[in-house]
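Those sequence lines, one after another, are chains A and B.
According to this note's numbering, the first sequence is numbered sequentially starting from 1.
According to this note's numbering, the second sequence is numbered sequentially starting from 195.
What follows is one structure encoded as structure tokens, with my remarks underneath.
Number of protein chains: 2
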Amino acid sequence: MTPRRSVYLAGPEVFLPDAPSVMARKAALCADFGFDALVPGDNDPAVSASPADGQGVSMAIYRANLELMTLADFGIFNLTPFRGPSADVGTAFELGLMTGLGKRVYGYTDVVGDYAERIPAKAEAGLGGLRRDQDGWLVETFGRADNLMLDCALEASGSQILRHAAPATQRLRDITGLAACLAQARADLFVSAA
Amino acid sequence: MTPRRSVYLAGPEVFLPDAPSVMARKAALCADFGFDALVPGDNDPAVSASPADGQGVSMAIYRANLELMTLADFGIFNLTPFRGPSADVGTAFELGLMTGLGKRVYGYTDVVGDYAERIPAKAEAGLGGLRRDQDGWLVETFGRADNLMLDCALEASGSQILRHAAPATQRLRDITGLAACLAQARADLFVSAA
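Here is the structure:
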């Protein structure tokens, strides 16, 4: 019998009012697929209880999450747009970190459109056919779900950002994308179902 | 004579209409401090010329940037808010990647306010004194410039996000923060001025 593999669950759902129950449901789904879920320490009272101030609390959360990502066999990243057209920057940072650590990574988003579709374009056509936003900043039109670094990190790891149109009320909470990532991870890692 | 150290210059200025000249100016500043600048391949025709489609172009850029980050001795990250209240997700990903690779990292932003100040808060007070946005999502109030993972990655590396109020026209182009990072890197790495 091989030891169970562990998966770090990154995503902005830690900021939801019902984060603990959402994370518990996602962790249970990981167990259904035969994996141990490692959940970010943002909502863990044991992590945030001891430091006296915001600086200390945030550093304690950072160190807890860094340790979990170092321990995890692989990561699954909820790349659903958060407070703007792109994924949560904390999640993007963690995708980079686990990529740098040489871990396998998977990701999903609760919206199906390309990144470029979420950026209002300038009325006039840009020079050289390049699409630009209201500020004149270039809009990547590569058919990607987000900034190319995110999509391509997953592609380089043998996967891609899995897109599913979740109902608005289930945004960030939906488990369809997570389940698809877990199924792919199980196939890749030859893990038997629990 | 020791070999010159190289620095990867990450940031959303690659999306500016005048990106090549902005990057050239920033690279020249690095040289003034005795460092060789490694500039992302986004605007390099040699990187984006050969692939036939957007998927191929984006993967070529990803691989070029990954190689530069692997080669670089350290990284400096322009974490100025981009298309929302947070840093560019591509830059956040790269900060994570170089952190995962064990490289020293520095960062700056062209705005001085805390992250929490850029998120419209809900009118009513949240439960337990927690600040929440219009969607009910938690707003981190740790006195940080952005999501705690970004600030704390720099703090764990011995630095912090350096904040400077750049004029609006110089947003993303300003070199004050970059110069401060370069000065700190030179002190840390005991590099003589060119």
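Beta carbons: idealized from backbone N, C-alpha and C, even for Gly.
Counting only Cβ pairs nearer than 7 Å, list the residues of chain B close to residue i.
i                   : result
cysteine 152(A)     : Ser252, Met253, Tyr256
phenylalanine 15(A) : Trp331, Leu332
threonine 141(A)    : Gly248
leucine 38(A)       : Ordered by position in chain B, no residue passes the 7 Å Cβ test against leucine 38(A), which lies about 15 Å from the chain.
leucine 189(A)      : Correct list: empty, because the minimum Cβ distance to chain B is about 20 Å.
Distance check for residue j and residue i, CA to CA, integer angstroms please.
i                    : j                : result
leucine 372(B)       : alanine 281(B)   : 15 Å
leucine 376(B)       : alanine 222(B)   : 12 Å
phenylalanine 209(B) : tyrosine 202(B)  : 17 Å
phenylalanine 82(A)  : glycine 278(B)   : 9 Å
aspartate 212(B)     : alanine 145(A)   : 25 Å
phenylalanine 336(B) : tyrosine 115(A)  : 30 Å
alanine 185(A)       : arginine 219(B)  : 44 Å
threonine 303(B)     : glycine 290(B)   : 17 Å
asparagine 272(B)    : valine 305(B)    : 11 Å
glutamate 140(A)     : glutamate 117(A) : 10 Å
aspartate 345(B)     : glycine 301(B)   : 9 Å
leucine 148(A)       : glycine 248(B)   : 10 Å
glycine 136(A)       : lysine 122(A)    : 8 Å
arginine 5(A)        : valine 22(A)     : 21 Å
threonine 169(A)     : threonine 176(A) : 14 Å
valine 188(A)        : serine 159(A)    : Contrary to the premise, residue 188(A) reads as aspartate rather than valine in this sequence. Roughly 10 Å separates the two Cα atoms.
alanine 156(A)       : valine 299(B)    : 24 Å
glycine 307(B)       : arginine 326(B)  : 18 Å
aspartate 73(A)      : aspartate 226(B) : 43 Å
glycine 269(B)       : serine 58(A)     : 22 Å
arginine 365(B)      : aspartate 230(B) : 24 Å
proline 120(A)       : threonine 70(A)  : 38 Å
isoleucine 161(A)    : alanine 60(A)    : 30 Å
valine 89(A)         : glutamate 13(A)  : 13 Å
proline 167(A)       : leucine 154(A)   : 25 Å
alanine 10(A)        : threonine 293(B) : 17 Å
glutamine 171(B)     : cysteine 224(B)  : Not covered by the structure: residue 171(B). The range shown for chain B is 195 to 388.
phenylalanine 389(B) : alanine 92(A)    : A question about residue 389(B) goes unanswered here, because the residues of chain B that appear run from 195 up to 388.
threonine 130(A)     : histidine 164(A) : Here residue 130(A) is leucine; the residue named in the question, threonine, does not match the sequence. Between leucine 130(A) and histidine 164(A), the C-alpha separation is close to 28 Å.
valine 47(A)         : valine 241(B)    : 44 Å
leucine 38(A)        : lysine 103(A)    : 14 Å
leucine 332(B)       : threonine 80(A)  : 16 Å
arginine 367(B)      : alanine 374(B)   : 14 Å
phenylalanine 384(B) : leucine 295(B)   : 22 Å
leucine 68(A)        : glycine 34(A)    : 18 Å
proline 214(B)       : glycine 250(B)   : 22 Å
proline 197(B)       : proline 3(A)     : 46 Å
Applying a beta-carbon distance threshold of less than 7 Å, which residues of chain A neighbour residue i?
i                    : result
glutamate 349(B)     : Met59
phenylalanine 271(B) : Chain A residues near phenylalanine 271(B): none, gap ~10 Å exceeds 7 Å.
Can you name the residues of chain A whose CB is closer than 8 Å to the CB of residue i?
i                 : result
alanine 362(B)    : Within 8 Å Cβ-Cβ: nothing; alanine 362(B) doesn't reach chain A, min ~10 Å.
isoleucine 313(B) : Arg83
serine 353(B)     : What serine 353(B) touches in chain A: nothing, since even the nearest Cβ is about 13 Å away.
leucine 262(B)    : Chain A residues near leucine 262(B): none, gap ~12 Å exceeds 8 Å.
leucine 389(B)    : Within the shown structure, residues of chain B are numbered from 195 to 388, placing residue 389(B) beyond reach of any answer.
leucine 376(B)    : Neighbours of leucine 376(B) on chain A: none; closest Cβ ~22 Å, over 8 Å.
Anything in chain B within Cβ reach of residue i, meaning under 9 Å, just list it in chain order.
i               : result
arginine 223(A) : Because residue 223(A) is not part of the residues shown, which for chain A are 1 to 194, the question remains open.
leucine 178(A)  : Chain B residues near leucine 178(A): none, gap ~19 Å exceeds 9 Å.
Using a C-beta to C-beta distance shorter than 9 Å, which residues of chain A count as neighbours of residue i?
i               : result
arginine 338(B) : Gly54, Gln55, Ser58
leucine 203(B)  : The premise fails here: leucine 203(B) is roughly 15 Å from chain A at the closest Cβ pair, so nothing lies under 9 Å.
Going along chain B in order, which residues have a C-beta closer than 8 Å to the C-beta of residue i?
i              : result
alanine 92(A)  : Val283, Gly284, Ala286, Phe287, Gly290
serine 6(A)    : Simply none; closest approach about 17 Å.
leucine 162(A) : In chain order: nothing, as chain B lies at least about 16 Å away.
request  = Could you name each continuous alpha helix (DSSP H) segment of 4 residues or more that falls completely within the stretch 85-127 of chain A, going from the start of the chain to the end?
outcome  = For the stretch 85-127 of chain A, the continuous alpha helix (DSSP H) assignments of 4+ residues that do not extend past its boundaries occur at 89-100, in sequence order.
Uninterrupted beta strand (DSSP E) stretches inside the stretch 48-78 of chain A (no shorter than 3 residues)
74-78
- [ ] Answer yes if the stretch 229-238 of chain B comes into contact with the stretch 246-263 of chain B, meaning at least three C-beta pairs across the two stretches below 8 Å, and no otherwise.
- [x] Touching, yes, given that three or more Cβ pairs across the two stretches are closer than 8 Å.
Contacting positions in the stretch 213-227 of chain B - beta carbon closer than 8 Å to chain A = Ala213
Members of the stretch 94-115 of chain A that neighbour chain B once the beta carbon cut-off is set at 9 Å = Glu94, Leu95, Gly96, Leu97, Met98, Thr99, Gly100, Leu101, Gly102, Lys103
> At what residue ranges does the stretch 128-163 of chain A contain a whole run of the beta strand (DSSP E), taking only runs of 3 or more?
Replying inline: 161-163
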